[in-house]
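A short worksheet on the structure shown next.
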Amino acid sequence: MKKYVNRIEPFAVGFLESDAEYIGKKIACGMLEASKHRKIKIDPATFFVGGESRNIDDIIDYTFGEGIRVSADAVKAKIAANPEYADELSDILEKMLPLNTGSLYNALLNDDEKHYREFSIGWGGGWAGHANPDFGLLLKIGTVGLKKKISEMRAKNPGNDEFYDAATISVEAFEVLCERYRKLASTMAETASGKEKAHLLRLADAFSNIPQNPPRDFFEACQYFWIEFTFDGKDSPGNFDQYMIEFYRRSEEHDRKECLERLWQLFQDYRVWNLCISGSDESWKDETNELSVAILETARKYKYNTPNLTVRVHRNTPEYLWQEIAQTIATGIGMPAIYNDEVVCPALEALGIPPCDSHDYCMNGCNQIDIFGKSHMGLEDGEVNLAKCVSLTLSDGVCAVSGNRFGTTTGDPRYFESFEEFLAAYKKRVEYFADSFTCCANRSQKLYAEYAPNPFRSNLIVGCLESARDMKNHGPLYNHGQMLMEGVADAVDSLAAIKHFVYDEKKYSMDELIAALQQNFEGYDDLYRDFSNYHKFGNEDEECDAIFKDITEHFSNYLLTIKTWRGGVYGAGCSPFNRAANYGKGTGPLPNGKTLESSLFADSFGAVPGCDKKGATALINSVLKYDHTLAKSGLVLQLKFDKNVFETQNGMASFIALAKTYVARGGQQLSVNVVSAQDLLEARKFPEKYKSLVVRVGGYSAYFNDLSPELQENIIARTLL
Numbered sequence: 001m002k003k004y005v006n007r008i009e010p011f012a013v014g015f016l017e018s019d020a021e022y023i024g025k026k027i028a029c030g031m032l033e034a035s036k037h038r039k040i041k042i043d044p045a046t047f048f049v050g051g052e053s054r055n056i057d058d059i060i061d062y063t064f065g066e067g068i069r070v071s072a073d074a075v076k077a078k079i080a081a082n083p084e085y086a087d088e089l090s091d092i093l094e095k096m097l098p099l100n101t102g103s104l105y106n107a108l109l110n111d112d113e114k115h116y117r118e119f120s121i122g123w124g125g126g127w128a129g130h131a132n133p134d135f136g137l138l139l140k141i142g143t144v145g146l147k148k149k150i151s152e153m154r155a156k157n158p159g160n161d162e163f164y165d166a167a168t169i170s171v172e173a174f175e176v177l178c179e180r181y182r183k184l185a186s187t188m189a190e191t192a193s194g195k196e197k198a199h200l201l202r203l204a205d206a207f208s209n210i211p212q213n214p215p216r217d218f219f220e221a222c223q224y225f226w227i228e229f230t231f232d233g234k235d236s237p238g239n240f241d242q243y244m245i246e247f248y249r250r251s252e253e254h255d256r257k258e259c260l261e262r263l264w265q266l267f268q269d270y271r272v273w274n275l276c277i278s279g280s281d282e283s284w285k286d287e288t289n290e291l292s293v294a295i296l297e298t299a300r301k302y303k304y305n306t307p308n309l310t311v312r313v314h315r316n317t318p319e320y321l322w323q324e325i326a327q328t329i330a331t332g333i334g335m336p337a338i339y340n341d342e343v344v345c346p347a348l349e350a351l352g353i354p355p356c357d358s359h360d361y362c363m364n365g366c367n368q369i370d371i372f373g374k375s376h377m378g379l380e381d382g383e384v385n386l387a388k389c390v391s392l393t394l395s396d397g398v399c400a401v402s403g404n405r406f407g408t409t410t411g412d413p414r415y416f417e418s419f420e421e422f423l424a425a426y427k428k429r430v431e432y433f434a435d436s437f438t439c440c441a442n443r444s445q446k447l448y449a450e451y452a453p454n455p456f457r458s459n460l461i462v463g464c465l466e467s468a469r470d471m472k473n474h475g476p477l478y479n480h481g482q483m484l485m486e487g488v489a490d491a492v493d494s495l496a497a498i499k500h501f502v503y504d505e506k507k508y509s510m511d512e513l514i515a516a517l518q519q520n521f522e523g524y525d526d527l528y529r530d531f532s533n534y535h536k537f538g539n540e541d542e543e544c545d546a547i548f549k550d551i552t553e554h555f556s557n558y559l560l561t562i563k564t565w566r567g568g569v570y571g572a573g574c575s576p577f578n579r580a581a582n583y584g585k586g587t588g589p590l591p592n593g594k595t596l597e598s599s600l601f602a603d604s605f606g607a608v609p610g611c612d613k614k615g616a617t618a619l620i621n622s623v624l625k626y627d628h629t630l631a632k633s634g635l636v637l638q639l640k641f642d643k644n645v646f647e648t649q650n651g652m653a654s655f656i657a658l659a660k661t662y663v664a665r666g667g668q669q670l671s672v673n674v675v676s677a678q679d680l681l682e683a684r685k686f687p688e689k690y691k692s693l694v695v696r697v698g699g700y701s702a703y704f705n706d707l708s709p710e711l712q713e714n715i716i717a718r719t720l721l
């Protein structure tokens with residue numbers, strides 16, 4: 001095994017110098033070497049240290065989601081800048097480039113599969129997915145306790161030494177990094193003075209206890225969490241208030257308030273994803289605590305767009321928490337998103353997850369569902385654009401944007417004799433793409449298990465150490481997948497118009513409709529007017545609602561028949577993220593009146609923006625036609641309220657009553673934008689005046705100025721309630 005004189009690419013050097021057969025052990029050795037040589041710093045302004053999951057100068061590294069990352073061009077540029085290291089860097093590049101996980105995935109895709117994403121049909125796989133390890137485990141037992149557990153599991157599972165070696169080495173890598181921070185804090189304290197010296201000594205003292213032992217107070221707990229959380233990338237904190245409350249209660253009010261606010265600033269600076277609070281246990285006992293409330297207060301105070309804050313509600317959610325939720329939403333940050341235990345827990349239990357674990361669910365990323373510290377459930381594995389499936393059914397597979405033929409043959413719709421025949425062809429196409437994208441996702445899951453296991457996070461997910469299996473390789477207790485349906489309302493509105501004008505009234509022939517779509521409605525003014533003005537989903541229209549229920553439950557039930565490579569089944573959700581406008585561009589003309597150039601597209605499980613004309617109650621009634629327990633991922637329903645509604649007690653009470661009604665009737669999720677239409681329009685004209693304007697997008701919050709013009713238009717078009 002070659003030894004490298006220089007450590008210019010420490011992860012790669014540690015990986016390549018390992019003689020292990022198991023790639024997970026090689027990755028752990030890379031982590032250890034990176035921890036020894038990673039550039040670290042202590043900036044008193046940030047209060048807590050860590051966050052540097054990689055050196056900014058490192059070209060080759062490993063993260064939880066992307067696996068091994070290698071850029072040939074970047075390495076060559078580094079060689080040019082450091083000719084004295086040319087031989088070693090060239091050798092490293094030659095050996096590591098074939099292991100670049102992203103390139104390995106792309107090589108698995110055929111041309112059609114690559115085009116599916118490009119032309120807005122959908123996608124599957126391509127990254128390892130979000131995950132929610134039990135960050136609280138190390139806070140309970142420390143690395144001493146974790147290494148003891150690894151040794152115990154090694155004794156119970158003989159013949160898996162390299163797996164347990166990897167587990168141990170990854171923990172040692174974490175300890176090495178923490179020890180370096182202890183030494184740096186001690187050294188810096190020698191020349192510091194005043195408050196800075198006191199803080200450095202406090203850090204050094206903290207690292208004399210952690211990570212080997214549990215933290216002694218909230219300061220140490222926050223520091224422990226932050227360096228653990230960022231060790232191999234930054235993702236979602238999970239049920240933060242549940243595993244941190246013990247330490248929160250040990251500290252004085254002024255100290256814990258400062259710690260939480262300092263951590264909140266890091267969440268913003270490092271773009272942290274989903275943090276979940278409150279919820280219920282398996283007996284429906286409420287789990288709201290003081291930290292839950294403090295988190296909402298902090299979110300209100302700073303009005304940041306991150307972390308992506310989620311609150312779980314249920315039959316016993318206290319009234320004071322509903323008030324806190326409404327007050328936080330009133331700030332306009334689009335958070336917290338509200339999730340309903342009464343729907344999510346039964347949905348998970350239908351997969352065989354017992355109540356003791358279903359009630360441990362948390363949100364990940366934008367709004368995907370995970371079992372905290374016990375699962376790896378895709379998050380997300382892919383998407384299918386249902387509206388594009390309608391378009392392709394009308395053309396028997398010819399893409400209106402590219403002209404390419406995609407997918408299976410479903411027949412020339414001009415010869416379909418009934419709407420039922422057309423709908424059957426549409427469903428056949430949806431199933432084809434569901435099969436295709438889950439196949440891509442399964443190939444991706446297998447690839448990431450084989451080439452990018454994660455020894456550190458596997459230590460923190462129940463089932464992995466017990467089975468000697470990585471978190472990406474059947475190790476966790478639960479290994480389901482999540483495939484999202486997008487363009488739902490666009491598909492519903494299009495199908496309803498086809499049914500009415502082509503099959504029921506027979507006002508237009510299928511031939512006329514197809515010709516109009518091919519011409520982007522030019523020369524077909526009467527047809528365009530009729531189709532674009534026809535009934536739209538979200539208005540409690542019986543015909544639209546029936547189609548909505550049919551196609552969403554068809555998609556959801558079909559996914560449940562498809563197994564994940566990891567060892568579970570796929571479940572449905574709807575979370576367009578920031579892709580709604582891009583899907584609008586890539587879908588082409590639709591029978592709902594959408595034109596080729598329009599990017600307006602459904603950005604949630606609700607109506608196409610601006611098409612719900614009868615108010616929130618009608619929209620909710622339409623959305624509830626679907627059985628939300630069929631969804632195993634988040635179903636984003638976004639409402640936009642005028643900020644004047646939240647400026648009075650009556651308005652606030654009306655919102656709370658609406659939200660309670662929605663969840664009591666079986667609604668899974670609710671996201672709310674509180675804005676004025678004038679502010680949004682002004683922000684487009686004068687962005688410099690609205691730098692802090694936050695809006696809810698498709699499962700997350702973002703600064704309005706950071707969004708594309710098309711996505712801004714989507715948000716402006718939403719119905720203001």
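Heads up, the sequence shown is in this note's numbering, so the first residue is 1 and it goes up one at a time. Quick reminder that beta carbons are idealized off the backbone N, C-alpha and C, glycines included.
Of the residues the options, which one's Cα is nearest the Cα of residue i?
| i | options | result |
| --- | --- | --- |
| Y243 | D269, L263, N289 | N289 |
| H500 | K536, A659, L680 | K536 |
| G538 | D57, I547, F531 | I547 |
| A515 | L527, E505, Y105, E172 | L527 |
| K234 | N364, L108, K114 | N364 |
| Y361 | L351, V344, A350 | V344 |
| V488 | S708, K183, L600, G124 | L600 |
| Y415 | E383, Y432, D396 | D396 |
| E486 | E383, D511, K563, E421 | E383 |
| S598 | A607, G667, N533, A580 | A580 |
| G125 | L348, A449, E17 | A449 |
| S701 | W273, E252, D111, G606 | W273 |
| R256 | Q268, Y270, D269, D241 | D241 |
| K507 | P215, A86, F531, S170 | F531 |
| G279 | F267, V293, L266 | V293 |
| P453 | W264, K689, K26, V675 | K26 |
| A468 | P158, W127, A77, I42 | P158 |
In or out: residue i buried (at least 16 other Cβ within 10 Å) or exposed?
| i | result |
| --- | --- |
| V311 | buried |
| L146 | buried |
| V5 | exposed |
| L517 | buried |
| A185 | buried |
| Y181 | buried |
| G65 | buried |
| F686 | exposed |
| Y320 | exposed |
| H254 | exposed |
| P413 | buried |
| A198 | exposed |
| A347 | buried |
So if DSSP puts residue i in a beta bridge, which residue, or which two residues, is it bridged to?
| i | result |
| --- | --- |
| I277 | V311 |
| N385 | E486 |
| R696 | S701 |
| T63 | G67 |
| L670 | I338 |
Would you kindly report the start and end of the unbroken beta strand (DSSP E) that includes residue i?
| i | result |
| --- | --- |
| L635 | 631-635 |
| G122 | 122-124 |
| T288 | Element bounds for T288: n/a, residue is neither H nor E. |
| M510 | Not the beta strand (DSSP E): M510 falls in the alpha helix (DSSP H), residues 510-518. |
| G573 | 570-574 |
| M363 | 361-364 |
| F641 | 638-642 |
| D370 | 368-371 |
Taking residue i as part of the alpha helix (DSSP H), name the residues at either end of that continuous run.
| i | result |
| --- | --- |
| T101 | 101-108 |
| I227 | 218-229 |
| L379 | Unbroken run through L379: none, as it is neither H nor E. |
Assuming residue i contacts residue j (C-beta within less than 8 Å), just tell me the rounded distance between them.
| i | j | result |
| --- | --- | --- |
| G378 | G481 | 4 Å |
| S604 | P576 | 7 Å |
Cβ of residue i within 6 Å of any heavy atom in the ligand NAD?
| i | result |
| --- | --- |
| S575 | The ligand NAD is absent from the structure shown, which contains no ligands of any kind. |
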